[in-house]
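Below is one structure, written out as structure tokens; comments come after it.
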Amino acid sequence: MALSSSSAGKAPEAGVGSAKSRATTSPNGKIGRASAPYLLILPSILFAFWIIGYPIYDMANMSVHAVNRFGKTAAFNDFANYQRLFSHQLFIGCLIRTLVWTVFVVGGTVLLSVPIALILNEKFYGRTLARIIIMLPWAVSLTMTGIVWRWSLNGQFGMVNATLSQMGLLGAPVEWLATSTTAFPILIAIGILVSIPFTVTVILGGLSSLQADVFEAAKIDGASGWQRFRYLTLPLIRPFLNIVLVLNFIYVFNSFPLIWVMTQGDPANSTDILVTWLYKLAFRYGELGIASALSIVMFGILLALTITYAALAMRNERSTV
Amino acid sequence: MEHPVRKSILMWLCLSPLVILILFPFAVMVSTAVKPRVEVLMYPPTWFPSEIRLQNFVDMWQATRLGPAVLNSLIVSIAATLLCLLVAIPAAYAAARMQFTGRKLFRQFLLVTQMLSPIVLVLGIFRLMAKMGFVDQLPALVLAYVAFNLAFSVWMLQAYFQTIPKELEEAATLDGASMVQRLWRIFLPLATPAIGITAVFIFIYCWNEFVLAMTLLRTPEKSTLTLQTFSLVGGRYQVEWDHVMAATLVASVPVAVIFALLQRSLVSGLTVGAVK
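Read top to bottom, the protein sequences are chains A and B. Under my numbering, residues 1 to 321 are what the first sequence spells out, in order. Under my numbering, residues 322 to 597 are what the second sequence spells out, in order.
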């Protein structure tokens, strides 16, 4: 269908807000006023350089020097920290699990969130309540969610086993989090569950910006429900899907509390991803050299993702002007 | 036309697996929190205890020292929210209303800082705070929370500020109002809802944060709520789950209620601000 591509560019108009109210300098703007905007943004920039910029510099510096477990840096050591990181026996495993974790959680989240958002965009009795319930995990801290699931998944006294066996779905109780074959999939499932609210919200924002008359016209022209979804809805909410994909990718890649609270990377490192391993290296094993190198590597990955996101966001912004 | 009742039933049916999964942990929390201790560790476990023991909450409050932790969380979250708004509002005003060289660069700068998460920088932040003598001090947490919420706040606020018509301020200028009067009397009252919503988001972030609290705080007296609750589970041989569930309930319900009440404005706020 040709109309899909031509209308895709207009999609974000309503949700994204417009840039039309770009004001000029204040009316009594003389030379003295020219410094006003810089004075206004200065505190935020200083803050960011102080609390975020300096630690990055410090870790970059530490990562190329020999460093003892108390953080005293010595001579420049030819990227030995990076060599030790890449040749570490746990590195590849954690990297692969991070990829699996990120891809499955983000993929599962988006695949589930699109139909949920479509449902919540319909008018039906109790829709407000349904929206509130589905947003609920967002308000609860990941630490608390992790603690409650850890208790629920307890092999002996957990309600998951109890409920499943009452329903006749489970014979013997399973130690979900202590078994290496079940622990990671369970974590992924819970990761999806807590990522749905944000994702649904953004997609709903996209759906509510769609114009009803286009869909009426398509209906009159005889397009089926699936065709309308595939050739109208999907292309029109594409910019929102892009943003949700990138943002979720970054959130999930950095997701620490769930895994830390539920398994701490156990059993036998089978649920360790890069962030949990990084925390152990830095604060448990005192491997500050490797830890700082890993931080910088992850910072690089995130920066690449951010640039992707910025490119996407800028493209949206341009298409709204 | 479809029958509205039948449609509603169908919609709820489609949502039911997810609704059950979302409500399941809440049911577990409530169920365990009011159980007598002997029934918590009884096999097979049951949903409904023989008696509803609200005394558990009183016992938990004393045994787990949750009170001081709630207080610490409140202090840190409120201080961080106020300081963050104080720094973010002027910056957002400049980004929304003023034309200056480097404006685009500033927006990109915000975008990049927004992407960084505490966990990747946690080692560097710990070293910075240690250097400043702030380890195990609540201000360390306040500073870090402000830094990690700044970009988001400026971004949200400037998106809102752009929707406030500047004609009102211009009219006030013609009537002879000074810049301060203009901001104080006209702009800020109009911006209050936006500032409120941003404040709620910052507050919830601080209230729920875990990694930085775990890294920067040492002594139990300084613990925030998430950290204190985690310490009831982490590294203990025997976990008193009735207390833990009562504690998670106390920690989660207020925020969940605020969120549910404000859901509509929070969601619309986010679609104006964060999607940009």
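We put the CB at the ideal spot given by N, CA and C, even for glycine. If you're wondering where the values come from, they're calculated on a predicted model, not measured in any experiment.
- In the DSSP assignment, A/A218 falls within the unbroken alpha helix (DSSP H) covering 212-220.
- A direct Cα-to-Cα measurement between A/Q211 and A/I96 gives close to 43 Å.
- For B/H564, the secondary structure class from DSSP, reduced to helix, strand or coil, is helix.
- By the neighbour-count criterion, in which a residue is buried when 16 or more other Cβ atoms sit within 10 angstroms of its Cβ, A/W226 is exposed.
- Within the DSSP secondary-structure output, A/H65 pairs in a beta bridge with A/F76.
- Contact note: A/Q156 reaches chain B through Y364, using a C-beta cutoff of 7 Å and chain order.
- Our two residues, B/V433 and A/T163, have alpha carbons roughly 45 Å apart in a direct line.
- Taken through DSSP and simplified to helix, strand or coil, B/D496 comes out as coil.
- In the DSSP assignment, B/Y466 falls within the unbroken alpha helix (DSSP H) covering 459-482.
- Listed in chain order, the non-local C-beta contacts of B/W562 below 7 Å within the same chain comprise T353, V361, local neighbours out to five positions each way being set aside.
- Counting other Cβ atoms within 10 Å of its Cβ, B/P325 stays below 16 and is therefore classed as exposed.
- If you ignore the 5 residues before and after A/F215, its C-beta comes within less than 7 Å of the C-beta of R228, L232, all in its own chain and listed in chain order.
- Bounds of any alpha helix (DSSP H) do not take in B/R539, whose DSSP letter is neither H nor E.
- The beta carbon of A/F229 does not come within 8 Å of any beta carbon belonging to chain B, so the residue lies off that interface.
- When DSSP states are grouped into helix, strand and coil, A/R84 belongs to the helix group.
- For A/M298, the nearest beta carbon of chain B is closer than 8 Å to its own beta carbon.
- A/T128: member of the alpha helix (DSSP H) spanning 127-139, first to last residue.
- Under the DSSP assignment, B/F551 falls in the alpha helix (DSSP H) whose first and last residues are 546-552.
- Per DSSP, reduced to three states, the secondary structure at A/R284 is coil, with no helix or strand assignment.
- Within the region 336-365 of chain B, L336, L339, V340, L342, I343, L344, F345, P346, F347, A348, V349, M350, S352, T353, V361, L362, M363, Y364, P365 place their CB atoms closer than 9 Å to a CB of chain A, listed in sequence order.
- Nearest C-alpha to A/W260 among B/A451, B/V574, B/Y558, B/F551: B/F551.
- Going by beta carbons, B/V576 and A/A139 fall inside the 8 Å limit.
- Contact between B/A534 and B/L553 is ruled out by a C-beta separation of about 15 Å, above the 8 Å threshold.
- At least one beta carbon of chain B lies nearer than 8 Å to the beta carbon of A/M144.
- Of the candidates A/D266, A/A310, A/S180, A/A310 places its Cα closest to the Cα of A/N242.
- Around the CB of B/V359, fewer than 16 other CB atoms lie within 10 Å, so the residue is classed as exposed.
- For A/I41, the C-beta contacts it makes with chain B under 8 Å involve P411, A412, A415, A416, F427, in order along the chain.
- Taking all protein chains shown into account, A/F198 has 16 or more neighbouring C-beta atoms within 10 Å of its C-beta and is therefore buried.
- Approximately 4 Å separates the beta-carbon atoms of A/P37 and B/F421; this is inside 8 Å, confirming the contact.
- Put simply, the CB of A/I259 is far from chain B, with every gap to its CB atoms at 8 Å or more.
- Taking all protein chains in view, the Cβ of B/F447 is crowded by 16 or more other Cβ atoms within 10 Å, so the residue is classified as buried.
- Our two residues, B/L587 and B/F580, have alpha carbons roughly 8 Å apart in a direct line.
- Interface residue (Cβ-Cβ distance to chain B less than 8 Å): A/F283 is classified as such.
- Close partners of A/F104 in chain B (Cβ separation under 7 Å) are lacking, with about 17 Å as the shortest Cβ gap.
- When the five nearest sequence neighbours on each side are left out, the beta carbons in the same chain lying within less than 6 Å of the beta carbon of A/V67 are those of T73, L288, G289, in order along the chain.
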